[in-house]
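Chains as they are written, first to last, in this note's numbering: chain A, 276 to 688; chain B, 276 to 688.
Presented below is the structure to which this report refers.
Protein chains: 2
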Amino acid sequence: MSDGRQEQPDPARRRLSRRHLLLGGAAAGIGAAGAVALDLAVKAGAAAPARTAEPMVSGSDTVPFFGAHQAGVDTAPQAHASFVALVLRDGVDRAGLRRMMRILTDDAARLTQGDAALADSEPELAVVPARLTVTFGFGAALVARAAGTAPGWLKPLPAFTVDRLEPAWTGGDLLLQIAADDPMTIAHATRMLLKDVRSFASVHWVQPGFRRSAGSEKPGTTMRNLFGQVDGTANPVVGTDDFSALVWGPADNPAWLTGGTGFVLRRISMDLDKWDKLDRSGRESAVGRTLATGAPLTGTREKDVPDFAATTALGFPVIPEYSHLRRARSEDRSQRIHRRGYNYDDTPTGTAVSNSGLLFVSFQADVDAQFVPIQQRLDTLDLLNQWITPIGSAVFAIPPGCAADGFIGDTLL
Amino acid sequence: MSDGRQEQPDPARRRLSRRHLLLGGAAAGIGAAGAVALDLAVKAGAAAPARTAEPMVSGSDTVPFFGAHQAGVDTAPQAHASFVALVLRDGVDRAGLRRMMRILTDDAARLTQGDAALADSEPELAVVPARLTVTFGFGAALVARAAGTAPGWLKPLPAFTVDRLEPAWTGGDLLLQIAADDPMTIAHATRMLLKDVRSFASVHWVQPGFRRSAGSEKPGTTMRNLFGQVDGTANPVVGTDDFSALVWGPADNPAWLTGGTGFVLRRISMDLDKWDKLDRSGRESAVGRTLATGAPLTGTREKDVPDFAATTALGFPVIPEYSHLRRARSEDRSQRIHRRGYNYDDTPTGTAVSNSGLLFVSFQADVDAQFVPIQQRLDTLDLLNQWITPIGSAVFAIPPGCAADGFIGDTLL
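Here you go:
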């Protein structure tokens with residue numbers, strides 16, 4: 276699935292094959308010989324299980340849980356995600372945190388492989404993993420309770436002039452990022468994990484988001500946000516040294532965070548009604564990209580490198596100075612991030628016909644060195660600021676992955 | 276797609292094939308000859324377009340909009356649905372209703388076929404229909420404004436003792452049921468349609484729901500609710516005379532509703548925390564079915580006919596008198612409904628770890644004759660009532676479908 280993730284033990288693989296049979300999936304209708312062949316194919320590390328023509332069943336696809344890094348960072352984004360922030364209860368000390376993370380790790384590992392949680396009250400809902408990943412993040416207060424050293428960037432982001440942060444969407448001590456291609460899988464996993472954590476922490480906020488469904492588009496298609504923009508083109512490529520350096524470091528982080536990364540979530544309200552009043556060329560100028568393909572205004576394909584020097588016949592830059600593309604881009608290649616955001620679309624209130632926006636999510640080894648300079652440039656001058664407002668903000672440290680006999684956070688706790 | 280639905284005009288079919296090519300779907304990588312073959316296959320009414328092995332792209336699948344009946348009733352349930360109730364603005368008269376329904380019909384027809392709405396501000400978001408259906412329902416107030424005759428059942432349901440109805444989830448003048456296999460498709464379609472209707476009506480409630488994602492399970496698998504129960508087994512089979520009689524009638528409905536049906540939505544809060552305290556056999560007794568397969572306690576397979584006469588060695592009924600299955604089932608075969616519900620899972624508040632339930636949705640030609648007796652039996656005695664509470668309720672008349680030159684509601688307006 277990703278380099279750096281350790282091999283899944285064989286029993287899990289055998290369960291996977293059995294589950295394929297149970298769900299009537301890839302192996303449906305084939306005999307024992309075929310099942311063995313599938314098992315071998317899975318063991319050989321084939322990217323995806325072979326499929327028969329019909330029915331296509333992908334609910335049994337799994338992402339390994341254990342490994343050097345947590346899953347859900349370099350994992351190809353699932354269709355749905357729920358971001359849950361918890362606040363620790365008074366009196367939960369280092370030993371309590373250790374118990375909490377052991378329990379959470381154990382159940383997350385089970386659920387991501389399509390197995391019931393240890394005390395699963397609805398085990399029938401656990402049989403469709405649908406690429407479930409559970410990614411844990413630690414806030415500054417949790418690290419302090421653990422008597423650990425926090426990285427310098429593990430604190431609220433500097434205040435930006437565009438911010439209109441609401442406390443209800445801001446901060447938190449413990450993050451659960453629960454993502455899967457199936458919303459039912461997320462509902463069940465979220466409930467099981469929140470039950471685990473109930474005596475240690477209470478829910479501060481829950482932010483569900485979505486992208487296109489798995490199978491709606493060609494895999495690897497860059498997502499569009501609800502403005503219709505192609506969003507996230509400049510991401511580093513998973514599996515490259517570039518990705519690894521930007522996301523996993525090295526960075527000036529405490530030792531317990533080696534193999535981990537930094538997480539930023541910004542809840543960005545998008546004023547679709549106001550956006551509606553802008554014509555197509557106005558929208559493209561604001562973004563610096565075409566709406567049809569996401570190509571920079573100086574290019575024809577999404578991934579074309581923008582030519583900021585190009586000028587129009589009248590001598591104006593083709594990609595305006597105030598465009599989002601230009602403001603987000605730095606000359607310094609280390610000032611980059613890995614984006615993994617989701618759209619949200621909540622119930623409108625009053626006369627509005629939408630309550631929509633983007634759960635901007637980025638991973639970077641050093642939030643201060645990578646994310647903050649980008650946001651500062653956007654804060655100073657970005658035409659898009661006329662239509663978007665950050666209303667929530669949170670920063671978490673994503674600890675490394677763990678071995679099958681360890682638990683997430685065991686380098687800190 | 277369904278019997279009774281008229282043939283889709285050829286231009287739409289050609290668009291479908293082109294879209295398959297654009298999305299890199301079924302036709303990806305095949306030449307003109309293959310595209311023609313696909314086109315012919317689609318014209319021949321093949322159930323689903325042929326798929327190549329990888330990548331599997333289903334976002335271009337469409338459900339015909341025009342026909343004798345509205346889509347979204349006998350359509351195989353999509354993974355996601357949003358139910359929107361609107362309240363008419365003062366002064367919107369019959370002519371205004373006609374204008375509103377013409378505009379809504381036109382855009383719904385476009386969007387369901389993967390085309391942009393007439394004044395689509397984000398046409399790039401319209402290219403993935405993902406089996407989008409838009410189904411319109413009329414409340415009593417709308418029929419009155421149209422100076423039409425309402426069916427006798429088009430009114431609030433009788434009060435049930437279990438009800439704890441909240442006005443925020445109850446009633447409404449116009450219903451939009453927007454369903455698709457892709458949440459992004461629903462977000463875009465909902466916004467386009469709410470913009471259409473803005474000057475005629477305001478939003479009363481929005482209730483999003485979900486099932487398993489398309490592709491997660493074998494097609495045709497009965498959904499499970501968040502209690503883990505197999506839910507909806509007893510539905511009539513789409514395409515049979517039985518289905519047609521139960522859903523489309525004949526019934527004692529006004530002439531404008533011929534080809535239409537009745538719609539009930541009950542927002543049923545499910546107390547998962549309390550349900551947790553019940554052991555597995557207690558749960559199975561409450562439901563009258565096994566949790567593992569959904570089979571009645573007297574059977575082994577989901578669709579087995581329950582044997583209410585069967586008794587245990589001690590002489591007690593195997594399927595208890597108070598079980599949901601027994602209470603929901605009538606000796607009178609005409610007292611049946613077509614269920615098409617969705618789960619909901621909203622953000623918990625306070626100390627709760629979930630705010631979850633079922634959007635119970637049923638279609639039936641005569642709500643009073645078919646739905647009400649079932650609910651009355653459940654109201655009197657159903658052990659499940661200990662864990663579920665209806666907190667919202669709405670009844671709408673679903674007018675028939677329309678021809679390509681008509682509009683939904685043209686038999687009334």
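We put the CB at the ideal spot given by N, CA and C, even for glycine.
Sequence-distant residues of its chain with Cβ nearer than 6 Å to residue i (five each side left out)
i	result
THR465(B)	SER357 and ILE453
TRP550(A)	PHE502 and TRP662
GLY524(B)	ALA640
ALA425(A)	ALA415 and VAL418
VAL481(B)	VAL359
ALA384(A)	PHE340
ASN510(B)	HIS613 and ARG614
Secondary structure of residue i, DSSP reduced to three states
i	result
GLY557(B)	helix
TRP480(B)	strand
ASP314(B)	Low local confidence applies: a pLDDT of 36 at ASP314(B) is under 50, so the model's placement there is unreliable, with the coordinate-based value given in what follows. Helix at ASP314(B).
GLN639(A)	strand
GLY689(A)	The structure shown does not extend to residue 689(A), since chain A spans only 276 to 688, so no value can be given for it.
PHE413(B)	strand
SER335(B)	coil
ALA370(B)	helix
ALA401(A)	helix
PHE485(A)	strand
LEU451(B)	strand
ARG721(B)	In the structure as shown, chain B begins at 276 and stops at 688. Residue 721(B) is therefore absent and cannot be evaluated.
ALA356(A)	strand
ALA301(B)	Low per-residue confidence applies at ALA301(B): pLDDT is 35, beneath 50, and the placement is therefore not dependable enough to give any value.
GLY309(A)	With a pLDDT of only 34 at GLY309(A), under 50, the local geometry of the prediction cannot be trusted, and no value is derived from it.
ARG564(B)	strand
LEU363(A)	strand
THR465(B)	helix
THR408(A)	strand
LYS470(A)	helix
LEU296(A)	Residue confidence for LEU296(A) is low, a pLDDT of 39 falling below 50, so the modelled location carries little weight; the figure read from the coordinates is stated next. Looking at LEU296(A) - three-state DSSP - the assignment turns out to be helix.
PRO442(A)	helix
Assumed close pair residue i, residue j - CB separation to whole angstroms, cut-off 8 Å
i	j	result
VAL478(B)	LEU361(B)	6 Å
ASP448(A)	ALA416(A)	5 Å
VAL522(A)	VAL348(A)	6 Å
SER488(A)	GLY632(A)	No, SER488(A) and GLY632(A) are not in contact; Cβ-Cβ is about 20 Å, not under 8 Å.
Beta-carbon neighbours of residue i, restricted to chain A and to distances below 7 Å
i	result
THR622(B)	VAL481
LEU547(B)	ARG466
LEU501(B)	ALA462
ASP551(B)	SER396
LYS239(B)	Here chain B has residues from 276 to 688 only, and residue 239(B) is not among them.
Listed by chain order, chain B residues near residue i by CB distance under 7 Å
i	result
PRO442(A)	The contacting residues do not exist; PRO442(A) stays about 15 Å from chain B at best.
GLU399(A)	ARG499, GLY503, LEU566 and ALA567
Residues of its chain near residue i, where Cβ-Cβ distance is below 8 Å and the 5 sequence neighbours each way are ignored
i	result
GLY495(B)	ALA351
ARG377(B)	PHE682
ASP680(B)	none
GLY667(B)	LEU440, GLU441, ALA443, TRP444, THR445, TRP480, GLN482, LEU540, ARG541 and ARG542
Beta-bridge pairing of residue i - partner residues as DSSP gives them
i	result
ASP456(B)	Note: ASP456(B) sits in no beta bridge, so no partner.
GLY574(A)	Paired residues: none, contrary to the question.
ASP657(B)	Answer is none; ASP657(B) lacks a bridge partner.
ILE612(B)	In DSSP, ILE612(B) forms no bridge with anything.
ILE673(A)	THR536(A)
TYR617(B)	LEU634(B)
GLY667(B)	ARG542(B)
THR586(A)	PRO592(A)
VAL505(B)	ARG499(B)
Same chain only: Cβ atoms within 7 Å of residue i, ignoring 5 sequence neighbours per side
i	result
GLU397(B)	HIS463
PHE475(A)	LEU363, ARG364, VAL367, GLY371 and MET375
THR533(B)	PRO675
ALA312(B)	Residue confidence for ALA312(B) is low, a pLDDT of 34 falling below 50, so the modelled location carries little weight and cannot support an answer.
ASP643(B)	GLY427 and TRP428
Within chain A, the residues that residue i reaches when beta carbons sit closer than 9 Å
i	result
LEU435(B)	Reading off the sequence shown, one finds Phe at residue 435(B), where the question assumed Leu. What PHE435(B) touches in chain A: nothing, since even the nearest Cβ is about 26 Å away.
ASN618(B)	PRO458, MET459 and ALA462
Cross-chain neighbours of residue i in chain B, by beta carbon under 9 Å
i	result
SER488(A)	SER333, GLY334, ALA354, HIS355, VAL403, ALA405, ALA455, ASP456, ASP457, PRO458, MET459, THR460, SER488, ALA489 and GLY490
Cross-chain neighbours of residue i in chain B, by beta carbon under 8 Å
i	result
LEU600(A)	The contacting residues do not exist; LEU600(A) stays about 17 Å from chain B at best.
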